[in-house]
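Below you'll find the structure, written out as structure tokens, and then a few comments.
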Amino acid sequence: MVGEKKWLPYVLIIPWAIGFVIFKFYPFINSFYLSLFQKISPRETVFAGIDNYVLLFSSNEFFGEQFLNSLKVTFIYVFFTVPLVLVVSLLVAYILSKKIKGVGIFRTAFYIPTVLGANVAVVLLWRELFESYGLVNQGLQLIGMNPVNWFGTASGAMTSIIAIRVWQFGSTMLIFLAALKNVPDTLYEAATIDGAGKVRQFMSITIPMITPVILFNGVMRLVETFQVFTGPKLITNGGPLDSTHVINLLIYEVAFENRNFNLGSAMSWVLFLIIMVFTILIFRSSKYWVYYQD
Amino acid sequence: MDKITSAQRSIQTNRAKKRLKQFIKYLLIITVAFFMLYPLVWMMGASFNGTLMSSFSFIPKNFTLVGWENAFSAPGWGSAEGYSLLRAIWNTMQYVLPQVMFMTFSTLLLAFVVARMHFKGKKIVFALIIGTLLMPATVFRIPMFVFWTSSAISPIWEGSSLPFMPYLPLWAGSLFAINSFSVFMYIQFFRSIPRDLDEAAYIDGANKFQLLYYVLMPILKPIVITVALLIFIASFNDYQGPLIYRGDVDTYPLSLVLPMLGKDSTNTYAHVFTRSIVGVSLPIIIFFIAQKYFVGNDANVGIKG
Numbered sequence: 014m015v016g017e018k019k020w021l022p023y024v025l026i027i028p029w030a031i032g033f034v035i036f037k038f039y040p041f042i043n044s045f046y047l048s049l050f051q052k053i054s055p056r057e058t059v060f061a062g063i064d065n066y067v068l069l070f071s072s073n074e075f076f077g078e079q080f081l082n083s084l085k086v087t088f089i090y091v092f093f094t095v096p097l098v099l100v101v102s103l104l105v106a107y108i109l110s111k112k113i114k115g116v117g118i119f120r121t122a123f124y125i126p127t128v129l130g131a132n133v134a135v136v137l138l139w140r141e142l143f144e145s146y147g148l149v150n151q152g153l154q155l156i157g158m159n160p161v162n163w164f165g166t167a168s169g170a171m172t173s174i175i176a177i178r179v180w181q182f183g184s185t186m187l188i189f190l191a192a193l194k195n196v197p198d199t200l201y202e203a204a205t206i207d208g209a210g211k212v213r214q215f216m217s218i219t220i221p222m223i224t225p226v227i228l229f230n231g232v233m234r235l236v237e238t239f240q241v242f243t244g245p246k247l248i249t250n251g252g253p254l255d256s257t258h259v260i261n262l263l264i265y266e267v268a269f270e271n272r273n274f275n276l277g278s279a280m281s282w283v284l285f286l287i288i289m290v291f292t293i294l295i296f297r298s299s300k301y302w303v304y305y306q307d
Numbered sequence: 013m014d015k016i017t018s019a020q021r022s023i024q025t026n027r028a029k030k031r032l033k034q035f036i037k038y039l040l041i042i043t044v045a046f047f048m049l050y051p052l053v054w055m056m057g058a059s060f061n062g063t064l065m066s067s068f069s070f071i072p073k074n075f076t077l078v079g080w081e082n083a084f085s086a087p088g089w090g091s092a093e094g095y096s097l098l099r100a101i102w103n104t105m106q107y108v109l110p111q112v113m114f115m116t117f118s119t120l121l122l123a124f125v126v127a128r129m130h131f132k133g134k135k136i137v138f139a140l141i142i143g144t145l146l147m148p149a150t151v152f153r154i155p156m157f158v159f160w161t162s163s164a165i166s167p168i169w170e171g172s173s174l175p176f177m178p179y180l181p182l183w184a185g186s187l188f189a190i191n192s193f194s195v196f197m198y199i200q201f202f203r204s205i206p207r208d209l210d211e212a213a214y215i216d217g218a219n220k221f222q223l224l225y226y227v228l229m230p231i232l233k234p235i236v237i238t239v240a241l242l243i244f245i246a247s248f249n250d251y252q253g254p255l256i257y258r259g260d261v262d263t264y265p266l267s268l269v270l271p272m273l274g275k276d277s278t279n280t281y282a283h284v285f286t287r288s289i290v291g292v293s294l295p296i297i298i299f300f301i302a303q304k305y306f307v308g309n310d311a312n313v314g315i316k317g
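Protein chains in written order, with my numbering: chain A, 14 to 307; chain B, 13 to 317.
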């Protein structure tokens, strides 16, 4: 380009570069640095090498036991939530992608919980819904089932915090919907002529064609759900008996309530490594199941 | 009477089958919609319900306006307990507004530079943006808290009496385009706009900024509104951020005020749920205003003109 100013792009990215160093690079390094020290008094820390990490994985220590439990609980949460969100949002998106009257109204209806679901007011509503005389148990009794003591049992409490996340499948659904519309109609027409039924078409055309989007949605939801906080904090507060005491809640308590930044940093680094390992494994596996057209 | 041929009969059964399929489809989608929206409808009804027990029906058994009167009547929508919903909303806005304003445009500019300009190191910049997209926010949180509460930095914001400033740690990053997801969304959108437009604008003598403002902005409008809306929702609903950087009680935003005001001897369901509805009304209103531009709502957003 004639007269193009070579320096312009560099000037324009300066704010981002500064921000990147302050808000990403520095805290990332410092987080690891902090994790190598141990707190010995309110104002003093000493270098401890990997002692914090050893502590987190020794089940006979208090923090180790807490941490291993939080890992287990977080894994349970993630392994139910992510597939459920993906399946529900894909099925709803599939129905909405077909010719259907009032599609706009349904799309809005399904997106509203996503707009509000993380809001504290709705999280508090959720707690009321799952109370012993709450809406959920009233509904169960209407259809002749026994009420459940949601917050009294480990599985009940876990169900309530998984349910509020699955309820917010809206943004995943919208991304699937956009992808479904990009699957060429000619593929379905050809399959219909060949005598393939709707289920067969869904499994052999729809799913393979949108695998890149399944990968994207899956990874995004995985990273997000590993860091769940508001639900377990406000609905169950980690209980009963730490059965919903997820890792991010434990990090919050250790770092911000007990002011132990060092142990908290070690925990967040373990969380970071776990998320990274899962992400890498999923991307590595993608060449076996993700289909790219080009 | 005419005899029905076998062809006609098969057409009829086919139609019946089709109708059944349609019926099942609508039944399924309406059932899902019911489960999605009923809790919110029920909350609406519960805000008018004077009884202590809740029921499955959303129609209040004992109609009362006490919750709504209480929420709006006291000065500043406050109450004897010393909270004020109006103040809580303003406190929330003090970090939501800067966040939406700055982040929407700083990330747009960064995406424009990365998507439409040529410079050395562009690939590294792009890799760093994508790399941080998947980084868990948890890993940055503790060192950032140490940074903001350090003796050199904390006087700038902690306990500041200026508007917006007490919430600086929550929105400062928006000045520096650090939301990788917004940048990523913009870059994807830029890629769908043909470069011919750029070329045409350059031939007409436009510079980079004129290109962005006059030529690309009209096309970018839906994605700009979408990003702004998503930032608004995320920031408005944020709980952990305000919890960590909280100051005095009168600086509490909605997300910290609402959990303090549970059901007790003076507060019935009606009180609690009225406040909850006030708490979620803003994102709902903004969502419905911005909805027609929302990118996801028209998956085939193309380039017009």
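Beta carbons: idealized from backbone N, C-alpha and C, even for Gly.
Item	Value
What span of residues does the beta strand (DSSP E) with Thr17 (chain B) cover, start to end?	First-last for Thr17 (chain B): undefined, no H or E at that position.
Quick one: does Ala311 (chain B) have its CB under 7 Å from some CB of chain A?	The predicted model places Ala311 (chain B) with a pLDDT of 41, which falls under 50 and marks its position as unreliable, so this point remains unresolved.
Quick one: Cα of Pro113 (chain A) to Cα of Gln34 (chain B), how far?	Before going on, a small fix: residue 113 (chain A) reads as Ile here, not Pro. The straight-line gap from Cα to Cα measures roughly 9 Å.
Considering only their Cβ atoms, is the gap separating Thr127 (chain A) from Ile260 (chain A) smaller than 7 Å?	no
Which residues mark the beginning and the end of the beta strand (DSSP E) in which Thr58 (chain A) is found?	Glu57 to Phe60
Spatial neighbours of Val53 (chain B) within its chain, please: CB distance less than 8 Å, with the 5 preceding and 5 following residues excluded, ordered by chain position.	Phe70
Which one of A:Ser173, A:Leu153 and A:Gly157 has the shortest CA to CA distance from Leu137 (chain A)?	A:Ser173
For the stretch 74–161 of chain B, which segments carrying the alpha helix (DSSP H) assignment without a break, of at least 4 residues, lie completely within its bounds, in sequence order?	78–85, 97–128, 134–145 and 150–160
Whose C-beta lies closer than 6 Å to the C-beta of Gly79 (chain B) among residues of the same chain, with five residues either side of it excluded?	Ser59, Ala282, His283 and Thr286
Using a C-beta cutoff of 7 Å, does Gln252 (chain B) count as contacting chain A?	yes
Would you mind telling me which residues of chain B sit closer than 8 Å to Ser44 (chain A), beta carbon to beta carbon, in chain order?	Val151, Phe152, Ile154 and Pro155
Can you tell me which of the three DSSP states Asn191 (chain B) falls into?	coil
Could you work out which residue in B:Thr238, B:Ile245 and B:Ser288 is closest to Lys304 (chain B) when comparing CA atoms only?	B:Thr238
Please list the partners that Val236 (chain A) has in chain B, where partner means a Cβ-to-Cβ separation under 7 Å.	Leu146 and Pro148
Taking Cβ positions only, does Met129 (chain B) come closer than 7 Å to chain A?	yes
If we count the other Cβ atoms within 10 Å of its Cβ and call it buried at 16 or more, is Gly88 (chain B) buried or exposed?	Any reading at Gly88 (chain B) must be qualified, since the residue scores a pLDDT of 44, below 50, and its modelled position is unreliable; the value itself is stated next. The residue is exposed, with fewer than 16 neighbouring Cβ atoms inside 10 Å.
With burial defined as no fewer than 16 other Cβ atoms inside 10 Å of the residue's Cβ, what is the status of Asp250 (chain B): buried or exposed?	buried
For Ser309 (chain A), which of helix, strand or coil comes out of DSSP?	Only positions 14 to 307 of chain A appear in the structure, and residue 309 (chain A) is not among them; the question remains open.
Distance, Cα to Cα, Gln106 (chain B) vs Gly291 (chain B)?	15 Å
Expressed to the nearest angstrom, what Euclidean distance is found between the alpha-carbon atoms of Ile223 (chain A) and Ser298 (chain A)?	16 Å
Measure the alpha-carbon distance for Tyr301 (chain A) versus Ile206 (chain A) and round it to whole angstroms.	29 Å
Based on the DSSP secondary-structure assignment, which residues constitute the bridge partners of Asn61 (chain B)?	B:Phe75
Go to Lys19 (chain A), then tell me how far its alpha helix (DSSP H) extends in each direction, as first and last residue.	Neither: Lys19 (chain A) is in no alpha helix (DSSP H) and is coded neither H nor E.
Count the other C-beta atoms from every protein chain shown that fall within 10 angstroms of the C-beta of Ala150 (chain A), then say buried if there are 16 or more, exposed otherwise.	First, the amino acid is wrong: residue 150 (chain A) is Asn here, not Ala. Counting Cβ neighbours within 10 Å, Asn150 (chain A) comes out buried, since at least 16 surround it.
Check for me: the alpha helix (DSSP H) holding Trp302 (chain A) runs from which residue to which?	Phe274 to Trp302
Whole angstroms is fine: what's the gap from Asn159 (chain A)'s alpha carbon to Thr43 (chain B)'s?	22 Å
State the Cα-Cα distance for the pair Met186 (chain A) and Phe47 (chain B), rounded to the nearest angstrom.	16 Å
List, in chain order, every chain A residue whose beta-carbon is nearer than 7 Å to that of Met55 (chain B).	Leu138
I need the DSSP call for Gly185 (chain B), collapsed to helix, strand or coil.	helix
Taking Cβ positions only, does Phe68 (chain B) come closer than 7 Å to chain A?	yes
Can you list the residues of chain A that Met48 (chain B) reaches, using a CB-CB cut of under 8 Å?	Ala122, Phe123, Ile125, Pro126 and Trp180
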